[in-house]
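Remarks on the structure that follows.
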């Protein structure tokens, strides 16, 4: 029971010892690329909102590329995953694996990015950079106007839209439809474009997923505001206030239950999200068995025309297939056993809050300096703790995924029962296997496969076991 958890700790320690410096370097390069791209995109978005929206996926892709790189460089340290899927040796195969990892990781990464507020932070930084760019342009125009000695009143530039405002609405829906259609077309016919086709698919995938995430978040905010203003919600708040005033124990129990659910979610959801991202990128998550469906609508689906069915199936796979790896990772975690997942969640929960404490330690280690020093070095000192914490979190996710694969395999093997040793005698009353004429070894065939011509049919029940007695 505890062996997979200990194996996870051993694997994580080896990864940090052997690859930790490289993971930290990749993270630093990705963070620098994200910061630089966000500066460029924000300045462009100050002048054109649509162009800013079209370029906004690039900083997020820089972060995702760094994450994928960190997970891929540790694959050589994952023993069980290496046995299931050996590392590609050809350079072209490695590039193709990187492209597949990026494409597969966009949806779970964007869901994680949106849920934990990273996307909102990037959008706020984008808007702030666009606003600063406009202020710079307006100030330079004002200075030029004053230096010209003109007696006319200065009129600031009419920008036409709010700085940092993303055009969510018909324009965004149109961009989403075009991006998804082009992504589908490239997925079907884009092999001829090689590496450039893969880059285009990655960008288009990130674009339509980002617009979908922003649109859904905006709709949820509007719906929440609408529900809060309804008369029923006002009545519910009054009832809640009355319960809190006159039935304090009930209100206390309810608040405690909500707090407990929130804490459990915080403890389990973030580790599960990291594990889902790792499972998607490694691409070896356990395949969940689809349930057998039946009923009137299933019968109608089976009678549907082949061309229409094929087209609808392809569209469904384009959408639902992106969420399958997330479900596979959930199934893998469930089947790996509670001890491993509890140990992983515990270590993740201990590591994630360390960033502010490491920042204080780094600042205290440097000591007091003047304002000019902190203006230059404060961003770097604040980035180092994040680099350390993220490296440890990704290491834990990779090690937990590898240990979960091994634990799942061990559980499946135990459920299947003990295997017979090599050259062991067959149990009594076992029907003989078919043999080719003149052969010394039995013929191994898949279950239900027909016998080749000329092979005699063995008796199916030579001893009459299970036959009714007269």
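Residue numbers (my numbering): 106 to 575. Glycine included, C-beta positions come from ideal geometry on N, C-alpha and C. All figures in this text were calculated on a predicted structure; none of them were measured in a lab.
By the 10 Å Cβ neighbour count, where 16 or more other Cβ atoms means buried, how is residue 391 classified, buried or exposed? Residue placement at residue 391 cannot be trusted, given a pLDDT of 43 that sits under 50; the coordinates are not used to answer.
Evaluate residue 449 with the Cβ neighbour count: other Cβ atoms within 10 Å of its Cβ, from every protein chain shown; 16 or more gives buried, anything less gives exposed. It counts as buried.
Which residues mark the beginning and the end of the alpha helix (DSSP H) in which residue 170 is found? 162 to 178 is the extent of the alpha helix (DSSP H) around residue 170.
Straight-line Cα distance separating residue 326 from residue 375: Going from the Cα of residue 375 to the Cα of residue 326 covers about 23 Å.
Ignore the nearest five residues each way along the sequence and tell me which others in residue 496's own chain have a CB closer than 8 Å to its CB. For residue 496, where only same-chain residues beyond five positions count, the Cβ hits under 8 Å are 121, 125, 128, 129, 132, 175.
With 16 as the cutoff for other CB atoms within 10 Å, does residue 462 come out buried or exposed? By the 10 Å Cβ count, residue 462 comes out exposed.
When burial is assigned at 16 or more other CB atoms within 10 Å of the CB, is residue 397 buried or exposed? Any reading at residue 397 must be qualified, since the residue scores a pLDDT of 46, below 50, and its modelled position is unreliable; the value itself is stated next. By the 10 Å Cβ count, residue 397 comes out exposed.
Among the candidates 279, 192, 240, 211, whose CA atom is the shortest distance from the CA of residue 315? Comparing Cα-Cα distances from residue 315 to each of 279, 192, 240, 211, the minimum goes to 211.
Do you know offhand how far residue 306's Cα is from residue 504's? Computed Cα separation, rounded: 30 Å.
So which of 270, 453, 302 has the shortest CA-CA distance to residue 208? Among 270, 453, 302, the Cα nearest to that of residue 208 is on 302.
So residue 433 and residue 384 are in contact, right, with Cβ under 8 Å, and what is the actual spacing, rounded? In this structure residue 433 is in contact with residue 384, their Cβ atoms being roughly 6 Å apart against a cut-off of 8 Å.
Between the Cα of residue 279 and those of 158, 329, 235, spot the shortest distance and give me the residue it belongs to. Looking at the Cα atoms, 158 is the closest of the given residues.
Of all the options 455, 156, 486, which has the alpha carbon lying nearest to the alpha carbon of residue 466? Ranking 455, 156, 486 by Cα distance to residue 466 puts 486 first.
Which two residues bound the contiguous alpha helix (DSSP H) that contains residue 279? Annotation for residue 279: the continuous alpha helix (DSSP H) segment containing it runs 275 to 294.
Give every residue of the same chain whose Cβ lies closer than 6 Å to the Cβ of residue 204, excluding the five residues on either side of it in the sequence, and list them in chain order. Leaving aside the five residues that flank residue 204 on each side, the residues in its chain whose CB is nearer than 6 Å to its CB run, in chain order, 303.
If you pair each beta-carbon of the region 234 to 245 with each one of the region 139 to 155, do three or more pairs fall below 8 Å? Output reads yes: the region 139 to 155 touches the region 234 to 245.
Under 9 Å, do residue 162 and residue 311 count as touching if we go by C-beta distance? Yes. Within cutoff.
The alpha helix (DSSP H) enclosing residue 231, as first and last residue numbers: In this chain, the alpha helix (DSSP H) harbouring residue 231 covers 223 to 252.
Terminal residues of the continuous alpha helix (DSSP H) containing residue 149? For residue 149, the enclosing alpha helix (DSSP H) has its first and last residue at 108 to 150.
Name the two residues that bound the continuous alpha helix (DSSP H) containing residue 448. Start and end: 443 to 456.
Which one of 387, 264, 222, 437 has the shortest CA to CA distance from residue 149? The residue from 387, 264, 222, 437 with its alpha-carbon nearest to that of residue 149 is 264.
Three-state secondary structure (DSSP) of residue 304: Three-state DSSP puts residue 304 in a helix.
CA-CA distance, residue 290 and residue 111? One C-alpha to the other measures close to 46 Å.
CA-CA distance, residue 254 and residue 243? Between residue 254 and residue 243, the C-alpha separation is close to 17 Å.
How about residue 500 and residue 378: are their beta carbons less than 9 Å apart? No, they are not a contact pair.
If you run the structure through DSSP and keep just helix, strand and coil, what is residue 255? Note: residue 255 maps to coil in three-state DSSP.
Along the chain, where does the alpha helix (DSSP H) that runs through residue 202 open and close? In the DSSP annotation of this structure, the continuous segment of the alpha helix (DSSP H) that includes residue 202 starts and ends at 196 to 220.
Going straight from the alpha carbon of residue 134 to that of residue 184, what length do you get? The alpha-carbon separation between residue 134 and residue 184 amounts to approximately 27 Å.
By the three-class DSSP mapping on this structure, what secondary structure does residue 260 have? When DSSP states are grouped into helix, strand and coil, residue 260 belongs to the coil group.
Quick check: the Cα distance between residue 218 and residue 224, rounded to an integer number of angstroms? Rounded to the nearest angstrom, the two C-alpha atoms are 5 Å apart.
Within 10 angstroms of its Cβ, does residue 170 collect 16 or more other Cβ (buried), or is it exposed? Under this definition residue 170 is a buried residue.
Going by Cα to Cα distance, which pick from 140, 119, 276 is closest to residue 180? Ranking the options by Cα distance to residue 180, first place goes to 119.
Going by DSSP in three states, residue 271 sits in which element: helix, strand or coil? If DSSP states are grouped into helix, strand and coil, residue 271 belongs with coil.
7 Å CB neighbourhood of residue 273 in its chain, flanking five on each side removed: The residues are 319, 320, 323.
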